[in-house]
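J.: Dumping the structure here so I can ask a few things about it.
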Amino acid sequence: MSKNKKAKLSAPQWTAIGAIVAAVVGAIALIISTIIQTPPTPPPPTPTSTVTPGSVSTSTATPVPTPTPLFGKPVGDVQSFSIVDKYDPSGHMGDIGDIIIARQSGLLQFTYETQGRGDHEWDWKYKECVPNLAPARFSGVMLLEPPNNWGIIEDGGYDLRGFRTLKWEARSLSGNVYVDFLMGGIVWQWKQDGQTNCWVKVPVPYPDSMPRIPLGIKLLTSQPQSFQYELTDLPEEYFQKVVGGFGWVISWGGNGVELNDMATPPGPVHPRTIVIEVGNIRYEK
487 MSKNKKAKLS
497 APQWTAIGAI
507 VAAVVGAIAL
517 IISTIIQTPP
527 TPPPPTPTST
537 VTPGSVSTST
547 ATPVPTPTPL
557 FGKPVGDVQS
567 FSIVDKYDPS
577 GHMGDIGDII
587 IARQSGLLQF
597 TYETQGRGDH
607 EWDWKYKECV
617 PNLAPARFSG
627 VMLLEPPNNW
637 GIIEDGGYDL
647 RGFRTLKWEA
657 RSLSGNVYVD
667 FLMGGIVWQW
677 KQDGQTNCWV
687 KVPVPYPDSM
697 PRIPLGIKLL
707 TSQPQSFQYE
717 LTDLPEEYFQ
727 KVVGGFGWVI
737 SWGGNGVELN
747 DMATPPGPVH
757 PRTIVIEVGN
767 IRYEK
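For the sequence shown, this note's numbering gives the first residue as 487, with consecutive numbering after it.
As structure tokens, this is what we get:
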């Protein structure tokens with residue numbers, strides 16, 4: 487038998503095969519590059535909004551004080567500085583229609599009827615661009631300098647740098663009451679947007695150098711108590727222009743008052759009249 491001879495390909499046939507192989511390799515490379523290619527840089531995330539019952543949709547960023555070189559009024563070389571004497575209890579918060587304040591010698595008497603009456607001065611004051619009629623379910627007072635200064639008066643506040651302790655005394659005239667004490671934080675106000683007519687939070691022109699500082703929730707009884715808060719860990723620049731020298735808030739939930747949300751407008755199930763006295767509020771060195 488004669489041996490089979492291998493068929494030989496002609497030059498044109500080799501050229502055609504080479505073209506086919508090149509095309510296949512190119513197609514495979516294109517597919518691979520498509521699969522493993524570096525993804526494009528994603529666009530910056532869209533700022534989220536905080537939408538809460540009764541609030542206008544606003545940025546999650548908390549309004550911050552506008553930088554200002556101003557300092558508050560000097561207090562002189564004193565070891566103790568009285569807030570009751572120099573600041574005014576005109577910063578009403580929450581359900582301000584429920585508040586009655588009586589100034590006495592060295593102290594303030596605060597009467598709070600938990601009815602939920604307006605106006606309602608709080609973070610959820612507006613709902614869908616109109617006033618929110620629901621109660622805030624709290625009331626409180628901030629002592630301001632000068633009176634009614636929510637960061638709109640250029641020469642407001644005192645320069646309290648150098649003071650190291652905040653002290654005050656308080657008691658309840660209406661049974662046990664939980665009270666949330668605080669200071670500072672006069673940095674924003676409501677302003678109507680010219681395009682949407684909705685009310686939004688904006689920084690005030692002459693803000694508090696002191697951010698909102700919680701001083702603690704205290705249980706007040708019929709017995710007078712003394713309290714103090716150490717200021718040594720706070721930055722010195724916090725004290726250069728203190729507009730909101732001291733304040734307090736009393737809430738429904740913390741004091742056994744429940745909301746009847748079936749009423750129109752919603753109101754308390756068992757309203758309560760709360761009376762407290764707060765006095766001898768002073769910063770000490």
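Ideal Cβ positions, reconstructed from N, Cα and C, are used throughout, including at glycine.
So, helix, strand or coil for Glu716, using DSSP?
T.: Locating residue 716 in the sequence shown gives position 230, counting from the first residue. It is a strand residue.
J.: Spatial neighbours of Ser712 within its chain, please: C-beta separation below 6 angstroms, excluding the five flanking residues on both sides.
T.: On the sequence shown, position 226 is the one that residue 712 refers to. So the qualifying residues of the chain are Glu655.
J.: Lys611 to Gly642, Cα distance in whole Å?
T.: Sequence index remark: in the sequence shown, residue 611 carries index 125 (1-based). Sequence index remark: in the sequence shown, residue 642 carries index 156 (1-based). Cα-Cα distance, rounded: 25 angstroms.
J.: Should Trp774 and Val690 be called a contact, given that it needs their Cβ atoms to be closer than 8 angstroms?
T.: With the chain represented from 487 up to 771, any question about residue 774 goes unanswered, as that position is not in the structure.
J.: Restricting to Cα atoms, I'd like to know which of Ile586, Gly731, Ser625, Phe624 is closest to Thr651.
T.: The residue given as residue 651 occupies position 165 in the sequence shown. Nearest C-alpha to Thr651: Gly731.
J.: Would you call the stretch 596-607 and the stretch 752-759 touching, i.e. three or more CB-CB distances under 8 angstroms?
T.: Short answer: they touch.
J.: Who are the near neighbours of Glu722 in its chain, counting only those whose CB is closer than 6 angstroms to its CB and skipping five residues on each side?
T.: Stepping through the sequence shown from its first residue, residue 722 is reached at position 236. So the list reads Arg647, once near-sequence residues are dropped.
J.: Report buried or exposed for Ile672, applying the criterion of at least 16 other Cβ atoms within 10 angstroms of its Cβ.
T.: In the sequence shown, residue 672 corresponds to position 186, counting from 1. So Ile672 ends up on the buried side.
J.: Using the Cα positions of Ile762 and Met669, report the straight-line distance between them to the nearest angstrom.
T.: Position 276 of the sequence shown, counted from the start, is the residue given in the question as residue 762. Position 183 of the sequence shown, counted from the start, is the residue given in the question as residue 669. The straight-line gap from Cα to Cα measures roughly 18 angstroms.
J.: Take every Cβ of the stretch 676-686, pair it with every Cβ of the stretch 627-639, and state whether three or more of those distances are shorter than 8 angstroms.
T.: These segments do not touch.
J.: Return helix, strand or coil for Asn766, following the three-state DSSP convention.
T.: As a first step, residue 766 must be located in the sequence shown, where it is residue number 280. Note: Asn766 maps to strand in three-state DSSP.
J.: Measuring alpha carbon to alpha carbon, tell me which residue in Phe567, Pro621, Glu631, Gly626 is nearest Gly558.
T.: Against the sequence shown, residue 558 aligns to sequence position 72. When each option's Cα is compared against that of Gly558, the closest is Glu631.
J.: Which class does Ile638 belong to by DSSP, given the choice of helix, strand or coil?
T.: The residue given as residue 638 occupies position 152 in the sequence shown. It is coil, neither helix nor strand.
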